[in-house]
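> Shown below is the structure under consideration.
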Amino acid sequence: MNGFERATREPVRRHDFDDGDHAQGPQSGDRLLASGGVLPFLVGATVPAGRPLLLLSGHTPPVIDRNAPADSIAAFGDTHAQTDGCLRELERSLQRLGLEMGDLVQLRVYVVGDPALGGRMDNEGFSRAYARWFGTPEQPHRVARTRVQVAGLVNPGWLVEIEAIAAA
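For the sequence shown, the residue numbers in this note's numbering are 141 to 308.
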C-alpha cells in the first residue's frame with residue numbers, strides 16, 4: 141500500500157470549523173479541511189470508485205452591461221460579479237450534462253489583478269462569490285481548488301476564468 145492509498149483510507153480529520161454538513165456526494169469520506177483566510181477549504185478530495193472524472197474547459201463570465209465596450213471590465217463586472225457569473229455558467233454546463241455543482245471535486249481559478257486594487261487579485265471578492273455556491277445548506281459540498289493571479293486572459297475585460305473537474 142503506497143502513501144496515497146494509506147492517506148485516502150484514513151478517517152476524515154475533523155477541526156472545530158468542520159461542521160460536517162458536507163459529508164455526502166462525490167467527496168464523501170476522504171477529505172481534509174483546513175482553515176485560512178475567509179473560508180475553510182479542502183486540502184484534497186477523492187472520487188469514489190467507479191465514478192469517472194469529467195474535465196471541464198475554462199468558463200468565463202457573461203456580459204452584464206451590453207452598453208459597455210466588449211473588452212472592458214465594465215462589460216463583465218468586478219471579480220465578485222465575474223466569479224459568480226463563471227460559476228453560474230459552470231452550473232449550466234453541468235446541468236446540460238446531467239450533473240450538478242455537488243459533483244465538482246476541483247476548481248482551478250485564474251484571476252487577473254484588478255486595476256481598481258492596484259493590480260492585486262481581489263481575494264475577498266472571489267471568496268464572497270465562492271461562499272454563495274459552496275458549503276451552503278442548499279449545496280453543502282466544497283471542492284479542492286487552486287486560485288492563481290495571472291497577467292491577463294483572452295478578453296482584456298475578463299478578471300476570472302474557472303476550469304473544473306467533476307465526478308460524472
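Yeah, the Cβ is synthetic: ideal placement off N, Cα and C, and Gly gets one too.
If you're wondering where the values come from, they're calculated on a predicted model, not measured in any experiment.
1. So what does DSSP say about Thr219, is it helix, strand or coil?
2. Evaluate Ala189 with the Cβ neighbour count: other Cβ atoms within 10 Å of its Cβ, from every protein chain shown; 16 or more gives buried, anything less gives exposed.
3. Please name the residue in Arg232, Arg248, Pro192 whose C-alpha comes closest to that of Pro202.
4. Does the distance from the C-beta atom of Leu230 to that of Ile302 stay below 8 Å?
5. Counting only runs of 4+ residues fully inside the stretch 174-262, write out the alpha helix (DSSP H) ranges in chain order.
6. Within its chain, find whatever has a CB closer than 7 Å to the CB of Arg272; leave out the 5 residues flanking it on each side and keep chain order.
7. Identify whether Glu327 lies in helix, strand or coil by the three-state DSSP scheme.
8. For the candidate residues Leu239, Val290, Asn207, Gly297, whose alpha-carbon lies nearest to that of Val249?
9. Do Gly253 and Met117 come within 8 Å of each other at the CB atom, strictly closer than that value?
10. One question on the structure: do Val283 and Leu239 come within less than 8 Å of each other, judged by their Cβ atoms?
11. Nearest-angstrom Cα distance between Ser197 and Leu182?
12. Taking the alpha-carbon positions, what's the Ala269 to Val187 distance?
13. Assuming contact is defined by CB atoms lying nearer than 8 Å, are Val251 and Thr219 in contact in what I supplied?
14. State buried or exposed for Val294, treating a residue as buried only when at least 16 other CB atoms are found within 10 Å of its CB.
Result, derived from the coordinates:
1. Sequence index remark: in the sequence shown, residue 219 carries index 79 (1-based). DSSP, read as helix, strand or coil, puts Thr219 in helix.
2. Along the sequence shown, one-based indexing puts residue 189 at 49. Around the beta carbon of Ala189, a 10 Å sphere encloses fewer than 16 other beta carbons of the protein chains shown; the residue is thus reported as exposed.
3. The residue you call residue 202 lines up with position 62 of the sequence shown. Across the set Arg232, Arg248, Pro192, the C-alpha of Arg232 shows the shortest separation from the C-alpha of Pro202.
4. Numbered from 1 along the sequence shown, position 90 holds the residue referred to as residue 230. Numbered from 1 along the sequence shown, position 162 holds the residue referred to as residue 302. Result yes, Cβ atoms of Leu230 and Ile302 sit closer than 8 Å.
5. Segments of the alpha helix (DSSP H) lying fully in the stretch 174-262: 213-216, 219-236.
6. For the purposes of this step, residue 272 is identified with residue 132 of the sequence shown, where counting begins at 1. Result list for Arg272: Asp224, in chain order.
7. This structure does not reach residue 327, given that the chain is present from 141 up to 308, and the question cannot be answered.
8. Along the sequence shown, read from residue 1 onward, the residue named residue 249 stands at position 109. It is Val290 whose Cα lies nearest to the Cα of Val249.
9. In the structure as shown, the chain begins at 141 and stops at 308. Residue 117 is therefore absent and cannot be evaluated.
10. By 1-based counting over the sequence shown, the position of residue 283 is 143. By 1-based counting over the sequence shown, the position of residue 239 is 99. No, Cβ-Cβ distance for Val283 and Leu239 is not below 8 Å.
11. Working through the sequence shown from its first residue, we reach residue 197 at position 57. Working through the sequence shown from its first residue, we reach residue 182 at position 42. Approximately 22 Å, taken between the alpha carbons.
12. The count along the sequence shown starts at 1 and reaches residue 269 at position 129. The count along the sequence shown starts at 1 and reaches residue 187 at position 47. The straight-line gap from Cα to Cα measures roughly 25 Å.
13. Residue 251 sits at position 111 when you count from the first residue of the sequence shown. Residue 219 sits at position 79 when you count from the first residue of the sequence shown. For Val251 and Thr219, yes; Cβs fall inside 8 Å.
14. Within the sequence shown, numbered from 1, the residue matching residue 294 stands at position 154. Exposed, because fewer than 16 other Cβ atoms sit within 10 Å of the Cβ of Val294.
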